[in-house]
Amino acid sequence: MSLKRLPQDSPPEKIALVALHAGYSHSSLALQSIAAYAETEPYYEQLQLFECLVNKNPQPLIEALVAFHPKVLGFSTYLWNIIATIHISKIVKQLIPDVIIVFGGPEAGPRGEALLARESTLDFVIQGEGEAAFNDLVKLLLYGQGQLDSVSGLIYRENASIKCNPVQRLPVEKIPAPMTAGLVDVSRPLVYWETSRGCPYLCTFCTSATDRLRVFPMERIEADLQVLEQLENKTIKLLDRSFHLGRERSSRLLKRFSATPSGLRFHLELNPDRISPEAMTIFRQAEPGKFQFEIGLQSLNEGVLDTIQRSMDITKALENIRQLVEMRRHPVHLDLIVGLPGETAPQCAASLDQTFLLYPDHLQLGTLKLLPGTPLQEQAHQLGYRWDPDPPYEVLAHPLLTFGEIARFKHYAELLERLWNSGYLRSTLAGLVDHCFKGHVSSCFDGLMDKLGTCLAVDNLQPDSLFARLTEFILPYLVEQPLLGEWLLWDYSQFSLVNGKTPVWIAEQLQQTERFVVNGSRRRLPILTLTEAGVKMINRQCGRGVKAGRYAVWPKQHKKGRPVEIIAIEEDSEFKLHES
Numbered sequence: 029m030s031l032k033r034l035p036q037d038s039p040p041e042k043i044a045l046v047a048l049h050a051g052y053s054h055s056s057l058a059l060q061s062i063a064a065y066a067e068t069e070p071y072y073e074q075l076q077l078f079e080c081l082v083n084k085n086p087q088p089l090i091e092a093l094v095a096f097h098p099k100v101l102g103f104s105t106y107l108w109n110i111i112a113t114i115h116i117s118k119i120v121k122q123l124i125p126d127v128i129i130v131f132g133g134p135e136a137g138p139r140g141e142a143l144l145a146r147e148s149t150l151d152f153v154i155q156g157e158g159e160a161a162f163n164d165l166v167k168l169l170l171y172g173q174g175q176l177d178s179v180s181g182l183i184y185r186e187n188a189s190i191k192c193n194p195v196q197r198l199p200v201e202k203i204p205a206p207m208t209a210g211l212v213d214v215s216r217p218l219v220y221w222e223t224s225r226g227c228p229y230l231c232t233f234c235t236s237a238t239d240r241l242r243v244f245p246m247e248r249i250e251a252d253l254q255v256l257e258q259l260e261n262k263t264i265k266l267l268d269r270s271f272h273l274g275r276e277r278s279s280r281l282l283k284r285f286s287a288t289p290s291g292l293r294f295h296l297e298l299n300p301d302r303i304s305p306e307a308m309t310i311f312r313q314a315e316p317g318k319f320q321f322e323i324g325l326q327s328l329n330e331g332v333l334d335t336i337q338r339s340m341d342i343t344k345a346l347e348n349i350r351q352l353v354e355m356r357r358h359p360v361h362l363d364l365i366v367g368l369p370g371e372t373a374p375q376c377a378a379s380l381d382q383t384f385l386l387y388p389d390h391l392q393l394g395t396l397k398l399l400p401g402t403p404l405q406e407q408a409h410q411l412g413y414r415w416d417p418d419p420p421y422e423v424l425a426h427p428l429l430t431f432g433e434i435a436r437f438k439h440y441a442e443l444l445e446r447l448w449n450s451g452y453l454r455s456t457l458a459g460l461v462d463h464c465f466k467g468h469v470s471s472c473f474d475g476l477m478d479k480l481g482t483c484l485a486v487d488n489l490q491p492d493s494l495f496a497r498l499t500e501f502i503l504p505y506l507v508e509q510p511l512l513g514e515w516l517l518w519d520y521s522q523f524s525l526v527n528g529k530t531p532v533w534i535a536e537q538l539q540q541t542e543r544f545v546v547n548g549s550r551r552r553l554p555i556l557t558l559t560e561a562g563v564k565m566i567n568r569q570c571g572r573g574v575k576a577g578r579y580a581v582w583p584k585q586h587k588k589g590r591p592v593e594i595i596a597i598e599e600d601s602e603f604k605l606h607e608s
């Protein structure tokens, strides 16, 4: 590619950086970090960031880019936005023919050669960290400073071939701090932040498997925290691939996070077997909701974990998770992956069954994605994988797991979302699994689909329909397992008052009502009775401390997003309110 240096008297050329986010609450540190790195450069004042949602009409973004008329246009790419990004870049190239388009990010980087070979409108791809690389490329394009072959991770055309430069990782002292530079978007519910970069582990399915760890100094972290402490009602999502980078450091950070104002919550990715006793004590003492835990178990099969080079003490991990869940102070999100090499359908089901019995706040069952640039994707053909060649690159089958088996696990995943993660039928599902399916949630899901078909997993059902289908399924079990009815009524009472859509059996059981004063207004609420055996299961999976007795519930559907109010009716006709 021939490069022309701009005349000295030419007007300043503009630089645009674009990110298409997956949702409103999401943002990214990528653009802000690149901007922070360039803060002392002459072109910084001509640099502008553009952010929008990937699923929105791109016309306003295209109009804004054309009006801005950049010389260099950089896109941050991920598997959820690469298709839309390519589409937008082609349109902008037609409208601004001389614009130089650069792709970076974890999606484009590993696919750089293929993208350049296929997309004629694309000029450069940067693999690896973009801060220094993009800055060096811009200075080369605008001022003629440097050489193409010296830009870290740059993939470019030269004559009739495509060249790929080696990736050079930034030393920790040169990684920019966009938080203290005032560049981080703090308007959204989630604020992204990092206290380290890279990962100490080598999991072959992960894009960080080859990214060496660099830990930020405590002075930088403290400066960032002083900025974060000025915010209100935000979740700070740490991008660190693992929070456990030494017991002393982890404990020090957790204590500091605990001391921040109550409006801040910290979302951490934990390795469960590495949670120290000191960390567990901090979690117990912290105010409820101060932390949110995301834990990737992936599998509970030791042989499978060895195959993907994931080191985990399974027994210790499960015990630590049990302690976190039983605290019921901080939400616990667990992840499992279907489709890992060497794992059979019965082994996947066993991991799911064992994990479900931990009763986490959220349990996600995902299908393996063979992401570009990961060691596992490079081994995929040798391992006999069949997978979707386009994003999100989900596995279709491997020698020990058929397409049909994976499809069934996808149905399990949807049932988890609708019945458990939604919060609608937690007590009912937990009781059903425990009392009727010997603790095997996979068998429970099989039973549901055998009787009701896959509609429960694939149809667009409203919550009323979910309760109707579950009621239909549960009725034959009630003779031998009457507690199921108790749990079903408890779940429904928190969702809605009796109305025309209420399943007949539920409506019949909730005919008794009484009037109560709730928030200054008189309400007629149905009465339900909970037994000692019934509240044992309810408390096991929600930790509310509910006692046996008579209750009325002012439900979620009528509270417009506010917490459910549970009225415990005392024998002397007094009552008290509990919020959940």
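So our numbering is basically just the index in the sequence shown, starting at one, shifted up by 28.
Beta carbons are placed, not taken as given, at the ideal position from N, Cα and C, and that holds for glycine.
### Query
How is the alpha helix (DSSP H) around Tyr65 delimited, first residue to last?
Counting along the chain, Tyr65 sits inside the alpha helix (DSSP H) bounded by residues 58–65.
#### Entry: Those residues which DSSP pairs with Trp415 across a bridge
In the DSSP secondary-structure assignment, Trp415 is bridged to Val423.
#### Entry: Helix, strand or coil at Val469 according to DSSP, with G and I counted as helix
Here Val469 sits in helix by DSSP.
#### Entry: the segment 550–569 touching the segment 474–493, judged by at least three CB pairs closer than 8 Å
Because the criterion of three Cβ pairs below 8 Å is not met, the segment 550–569 and the segment 474–493 do not touch.
### Query
When you compare only the Cα positions, how much space is there between Arg33 and Leu170?
Unreliable positioning characterises Arg33 in this predicted model, as indicated by a pLDDT of 45, which lies under 50. The coordinate reading is nonetheless provided below. A straight line joining the alpha-carbon of Arg33 with that of Leu170 spans about 6 Å.
### Task
Tell me, please, whether the CB atom of Pro86 is closer than 7 Å to any CB atom in chain C?
Considering every chain present, this structure includes no chain C. It has just one protein chain.
### Query
Considering only C-alpha positions, which residue in the set Asp363, Leu352, Gln313 is nearest to Ser327?
Residue nearest to Ser327 within the set Asp363, Leu352, Gln313 is Asp363 (criterion: CA-CA distance).
### Query
Using the beta-carbon count (16 or more within 10 Å), is His49 buried or exposed?
Per the 10 Å Cβ criterion, buried.
### Query
Would you call the CB atoms of Leu404 and Ser470 closer than 7 Å?
Cβ distance not < 7 Å, so Leu404 and Ser470 don't count as in contact.
### Query
To the nearest angstrom, how far is it from the Cα of Glu433 to the Cα of Ala485?
Separation of Glu433 and Ala485 (C-alpha to C-alpha, rounded to the nearest whole angstrom) is 15 Å.
### Task
Mind reading off the beta-carbon distance from Pro554 to Gln540? Whole number of angstroms is fine, and I expect it under 8 Å.
Approximately 7 Å separates the beta-carbon atoms of Pro554 and Gln540; this is inside 8 Å, confirming the contact.
### Task
Run through the segment 84–167 for me and flag every whole alpha helix (DSSP H) of 4 or more residues, listed as ranges in chain order.
Those alpha helix (DSSP H) runs which fall completely within the segment 84–167 and span 4+ residues are 87–96, 110–123, 140–146.
### Message
Which residues does DSSP list as the beta-bridge partners of Thr554?
### Response
This sequence places Pro at residue 554; Thr is not what is there. Answer is Thr541, bridged to Pro554.
### Query
Trp582 lies in the beta strand (DSSP E); which residues open and close that run?
That run of the beta strand (DSSP E) goes 577–582.
### Query
Which first and last residues belong to the alpha helix (DSSP H) in which Tyr21 is found?
As shown, the chain starts at 29 and ends at 608. That puts residue 21 outside it, with no answer to give.
#### Entry: For Ile203, the first and last residue of its enclosing beta strand (DSSP E)
Neither: Ile203 is in no beta strand (DSSP E) and is coded neither H nor E.
### Query
So what does DSSP say about His361, is it helix, strand or coil?
Here His361 sits in strand by DSSP.
### Query
DSSP on Leu31, reduced to helix/strand/coil?
Any reading at Leu31 must be qualified, since the residue scores a pLDDT of 44, below 50, and its modelled position is unreliable; the value itself is stated next. Residue state, collapsed to three classes: coil.
### Query
Is DSSP giving Glu230 helix, strand or coil here?
Sequence check: residue 230 is Leu here, not Glu. The three-state reading of DSSP puts Leu230 in coil, since its state is none of H, G, I, E or B.
### Message
Tell me the rounded alpha-carbon separation between Leu399 and Pro134.
### Response
Taking the straight line joining both Cα atoms gives about 9 Å.
### Query
What residues match up with Gln320 in a beta bridge as DSSP calls it?
The partner list for Gln320 (beta bridge, DSSP) reads His295.
### Task
State the start and end residues of the unbroken alpha helix (DSSP H) segment that holds Phe431.
For Phe431, the uninterrupted alpha helix (DSSP H) run begins and ends at 431–443, by DSSP.
### Query
Just checking, does the segment 325–345 make contact with the segment 261–276 on the three C-beta pairs under 8 Å criterion?
Output reads no: the segment 261–276 does not touch the segment 325–345.
### Query
With contact counted as at least three CB pairs below 8 Å, one residue from each stretch, are the segment 149–165 and the segment 119–131 in contact?
The segment 149–165, when compared against the segment 119–131, does touch it at the 8 Å Cβ threshold.
#### Entry: Distance CB(Asp389)-CB(Pro420) smaller than 7 Å
Result no, Cβ atoms of Asp389 and Pro420 do not sit closer than 7 Å.
### Query
The beta strand (DSSP E) spanning Glu561 covers which residue range?
Note that residue 561 is Ala in the sequence shown here, rather than Glu. First-last for Ala561: 560–570, but that is the alpha helix (DSSP H), not the beta strand (DSSP E).
#### Entry: From Gln173, Leu429, Leu282, Tyr220, residue whose alpha carbon lies closest to that of Pro374
Considering only alpha carbons, the answer is Leu429.
### Task
Within its chain, find whatever has a CB closer than 8 Å to the CB of Thr482; leave out the 5 residues flanking it on each side and keep chain order.
Cβ neighbours of Thr482 beyond the five flanking positions: His439.
### Query
Exposed or buried, what is Phe271 when buried is set at 16 or more other beta-carbons lying within 10 Å of its beta-carbon?
Buried is the call here.
### Task
Report yes or no: do three or more beta-carbon pairs, one from the segment 61–74 and one from the segment 157–173, lie closer than 8 Å?
Short answer: they touch.
### Message
Quick check: what's the CA-CA separation for Pro194 versus Arg146?
### Response
Approximately 22 Å between the Cα atoms of the pair.
### Query
Can you name, in chain order, every residue of its own chain whose Cβ lies under 6 Å from the Cβ of Leu424, other than the five neighbours on each side?
If we look at Leu424 and ignore the five residues flanking it on each side, its Cβ neighbours are Arg414, Trp415, Phe431.
### Task
Measure from the alpha carbon of Arg551 to the alpha carbon of each residue in Ala580, Glu73, Gly210, then state which is nearest.
Minimum Cα distance to Arg551 is reached at Ala580.
### Query
Just curious, the alpha helix (DSSP H) that Thr68 is in, first and last residue?
Following the DSSP letters along the chain, one finds Thr68 in no alpha helix (DSSP H), marked with neither H nor E.
### Task
Report the three-state DSSP secondary structure of Val219 (helix, strand or coil).
If DSSP states are grouped into helix, strand and coil, Val219 belongs with the strands.
### Query
DSSP puts Thr499 in a beta bridge; with which residues?
According to DSSP, Thr499 bridges with nothing at all.
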